[in-house]
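Worksheet: one structure, shown below.
Numbering (UniProt numbering), first residue to last: 1 to 811.
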């Protein structure tokens, strides 16, 4: 059928291409029906948003402001959504995942969306998707009629915006001008059939009402018309409509029945589709405000009738054109929120609130604004005070026929307020309607773009370069294997970008100018070979390099930033390998779209592998952790930053050099006199305990040409023995010799076998006897294990001495 050509074309552009589309058409051309069909049948991941609460509820979507967390008021193009205070609300992980996996964004009633609001949507989509592409690469379907209701903009708001925009309509937004949108106009009118009436409406719509059409229209002028049953009066102002309805209701005899709306969950007042206290009387003229949810479809949104009976929870209505009564009860409108199904990963609509009410409103009169989208058999138009673009057209186009129309005032050019920017835009769109040829080229290019996306590694550069920048700026506080693997990744990504660019150019030639890629055998053959090559390069190059990364830093901000970038790299890697596995046999558009959506959730269900944080070159990893724990303990106690105790470089140096004296500690990079005086004793104690507990053989790791060459171990032990025999305590000897007390204890213990020192010289007789008694009762793996089972009063040194003695006796 001829009338379906535009609808079929629009369907193909939405479902088979990635073109951004403005779907428009006169009132009654089926735009809303098309939207509902898309929601049911389109296989792309989509959501629906609208500029107002009522429009969102009617479209079964959500408002733009709530989904994109937009502020009310002007959004300036140079504002950063992430830093401006009015954009400070954080997006939930669920919403971020929805945005990242989104294929299609449908904006209903686009005529009411301001240019700055559309640019705000663009900013959010770029933030979470592709920063380089308009709307982040998400396909937009914008539905509406520019000749109908226009955006609301206050004078002080326009003063702020006018230096950025030519006008306030959506098509002047910066993002729209970049996005190469096509306009498809639905031309077949389902609402009106009279060619004379259609011609009149077209003349008003295009601001070209001929005198002949004006004369024909004004034949319907009846200033003294007395409304009969079934007529609804359309006015320009809420107050006027409310006054007419209340006056008519008061004139009726009988009791008033009030129906109270039932609210559940979250349903904002500004989105109420009806009064929360609906008052009706028998004889009241009413209008249905919802399509019948029952199978019989007895009524539709906009149908007029008269109340003939009332009960507590039902209303009986008789419509002039029907030979039956309609009994209606409470209907429910749902407020939804988009979420992701944990099992299927599909975008789902979750009901977060509901509003239940009798689906009727008083209908002797209604505002033109509220009539948008409705159809009336009979209407009285009072457009004398029309004050906004499109109001007269909206009012007249609600009526199905010229015969059912009554004018309370004549229609003159003054009532036909049409914005010149809209007229200009519509003319350009009319002269550039897409056709089947453009559709085929768009399908071809869409598939080539998707194939290019499969092999595009450009996104890998940002986290790689960012991590290298962090490393170069903070290399003194970072230790580990970071620079070399990242350079390997960068070099390979640069190489793969060159290969993919060349491959994309080849594919353009392979498929020619008309062939669709997924039906081309030659392209499929090249594609499968490319998948194999890129998969191997990615695994052997990028994945291997990422796995080789290990780092540690005592700067928490630097650590957080590096981890964030490496996480991003791992997500990109996981997505690429997921694509390669899923497409290894052939390319298919639907298959790739499904893979792309699922890839967003990959790392949500797969636990991240633990990244190595300790440098592999450090042999004393246990000491590394012990010193880190000590640093953390001191930092907490002293309320200072970790690096103020000692830096990462100092930490690694201590693990390699194993200093046991304050003099040796001075040779460690970053350990100055003040640090050694303040924290040296605790550091040396940990190192000495580690050496003793693990029987580490200490090499002479210090430069023999330094001012304080390390003494031979035997000489040092004898020096300690000599001081001990002079009557000095272990603590006094340690202080004099600038050594750790554990070290002095070890020196003296070495003379027990020769009899120069008695075991009870180094501990009390009480401790000695108690340890000899209790140690044999314990089961333990090592000295540390035993220590934790004993009283805190026993030192490691004391326990070791008694343990050695017991072993000799048992041997």
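Note that CB positions come from ideal geometry on N, CA and C, so glycine has one too.
Residues bridged to residue i [DSSP beta-bridge criterion]
| i | result |
| --- | --- |
| residue 536 | Answer by DSSP bridge pairing: none, since residue 536 is not bridged. |
| residue 504 | Answer is none; residue 504 lacks a bridge partner. |
| residue 142 | 22 and 107 |
| residue 488 | Residue 488 pairs with nothing; no bridge assigned. |
| residue 15 | DSSP output for residue 15 lists no bridge partner at all. |
| residue 333 | 355 |
| residue 186 | 25 |
| residue 305 | 286 |
| residue 257 | 280 |
| residue 316 | 309 and 327 |
| residue 62 | 49 |
Nearest candidate by alpha-carbon position, reference residue i, set the options
| i | options | result |
| --- | --- | --- |
| residue 344 | 594, 550 and 797 | 594 |
| residue 583 | 129, 131, 528 and 393 | 528 |
| residue 771 | 201, 803 and 229 | 803 |
| residue 717 | 756, 682 and 693 | 756 |
| residue 871 | 120, 200 and 433 | One cannot answer for residue 871 here, as it falls past the ends of the chain, which runs 1 to 811. |
| residue 856 | 184, 669 and 655 | Missing from the structure shown is residue 856; the chain here goes from 1 to 811 and no further. |
| residue 777 | 391, 765, 473 and 806 | 806 |
| residue 321 | 312, 305 and 311 | 305 |
| residue 268 | 585, 436, 62 and 552 | 62 |
| residue 200 | 544, 45, 412 and 254 | 412 |
| residue 600 | 266, 347, 183 and 449 | 347 |
| residue 227 | 396, 404, 169 and 147 | 404 |
| residue 580 | 538, 71, 364 and 265 | 538 |
| residue 504 | 451, 471, 114 and 679 | 451 |
| residue 111 | 454, 149, 685 and 132 | 149 |
| residue 354 | 341, 418, 401 and 261 | 261 |
| residue 374 | 443, 357 and 400 | 400 |
| residue 183 | 474, 11 and 270 | 11 |
| residue 194 | 173, 216 and 206 | 216 |
| residue 585 | 596, 536, 530 and 560 | 530 |
| residue 300 | 266, 376, 232 and 173 | 376 |
| residue 101 | 173, 575 and 429 | 575 |
| residue 296 | 67, 325 and 257 | 325 |
Spatial neighbours of residue i in its chain, beta-carbon cut-off 8 angstroms, leaving aside the 5 residues before and after
| i | result |
| --- | --- |
| residue 361 | 274, 275, 278, 286, 287 and 289 |
| residue 706 | For residue 706, the pLDDT reaches just 41, beneath the cut-off of 50, and the residue's location in the model is therefore unreliable, although a value from the coordinates is still provided. Closer than 8 angstroms at Cβ, skipping near neighbours: 667. |
| residue 750 | 717 |
| residue 350 | 336, 337, 338 and 339 |
Anticipated Cβ contact below 8 angstroms, residue i with residue j, distance rounded
| i | j | result |
| --- | --- | --- |
| residue 222 | residue 406 | 5 angstroms |
| residue 546 | residue 570 | 6 angstroms |
| residue 171 | residue 425 | 5 angstroms |
| residue 502 | residue 456 | Not confirmed; about 13 angstroms, so no contact. |
| residue 99 | residue 135 | Incorrect: roughly 11 angstroms between the Cβ atoms, too far for contact. |
| residue 481 | residue 532 | The pair is not a contact, with the Cβ atoms about 30 angstroms apart (cut-off 8 angstroms). |
| residue 467 | residue 486 | 6 angstroms |
| residue 50 | residue 109 | 5 angstroms |
| residue 554 | residue 678 | Contact doesn't hold; Cβ gap of about 17 angstroms is too wide. |
Contacts around residue i, its chain only, beta-carbon distance under 6 angstroms, and the 5 residues preceding and following it disregarded
| i | result |
| --- | --- |
| residue 739 | 661 |
| residue 252 | 281 and 283 |
| residue 85 | Residue placement at residue 85 cannot be trusted, given a pLDDT of 47 that sits under 50; what the coordinates show is reported in the next sentence. Once the five neighbours on either side are set aside, residue 85 has no close Cβ partner at all. |
| residue 25 | 31, 185 and 186 |
| residue 849 | Coverage of the chain is limited to positions 1 through 811, which leaves residue 849 absent and any answer about it impossible. |
| residue 444 | 516 |
| residue 270 | 53 |
Other residues of its chain near residue i: CB distance less than 7 angstroms, five sequence neighbours each side excluded
| i | result |
| --- | --- |
| residue 327 | 314 and 316 |
| residue 176 | 118 and 170 |
| residue 8 | none |
| residue 572 | 459 and 460 |
| residue 510 | 520, 522, 523 and 526 |
| residue 688 | 660, 740, 742 and 743 |
| residue 204 | 392, 393, 396 and 416 |
| residue 685 | 740 and 742 |
| residue 40 | none |
Minimum Cβ-Cβ distance from residue i to chain D less than 8 angstroms
| i | result |
| --- | --- |
| residue 248 | Among the protein chains of the structure shown there is no chain D, as only one such chain exists. |
(message) Below 8 angstroms, how does it come out for the region 740 to 754 and the region 788 to 801: are there three or more Cβ pairs, yes or no?
(response) Yes, the region 740 to 754 is in contact with the region 788 to 801.
(message) Would you call the region 47 to 61 in contact with the region 331 to 347, where contact means no fewer than 3 C-beta pairs closer than 8 angstroms?
(response) With a cut-off of 8 angstroms, the region 331 to 347 and the region 47 to 61 count as touching, because enough Cβ pairs lie within range.
(request) Evaluate the contact criterion for the region 29 to 46 versus the region 147 to 154: three or more CB pairs, one atom per stretch, below 8 angstroms. (result) Using a Cβ-Cβ distance cut-off of 8 angstroms, the region 29 to 46 and the region 147 to 154 are not in contact, since fewer than three pairs of beta carbons, one from each stretch, lie closer than that value.
(message) Any contact between the region 95 to 114 and the region 133 to 143? By contact I mean 3 or more CB pairs, one from each, below 8 angstroms.
(response) The region 95 to 114 vs the region 133 to 143: in contact.
(message) With three or more C-beta pairs closer than 8 angstroms as the rule, is the region 511 to 524 touching the region 481 to 498?
(response) Taking a cut-off of 8 angstroms on C-beta distances, the region 481 to 498 does not touch the region 511 to 524, as fewer than three cross pairs fall below it.
(message) Across the region 229 to 247 and the region 374 to 384, are there enough close Cβ pairs to call them in contact, namely three or more that are closer than 8 angstroms?
(response) Taking 8 angstroms as the limit for Cβ pairs, the verdict is that the region 374 to 384 does touch the region 229 to 247.
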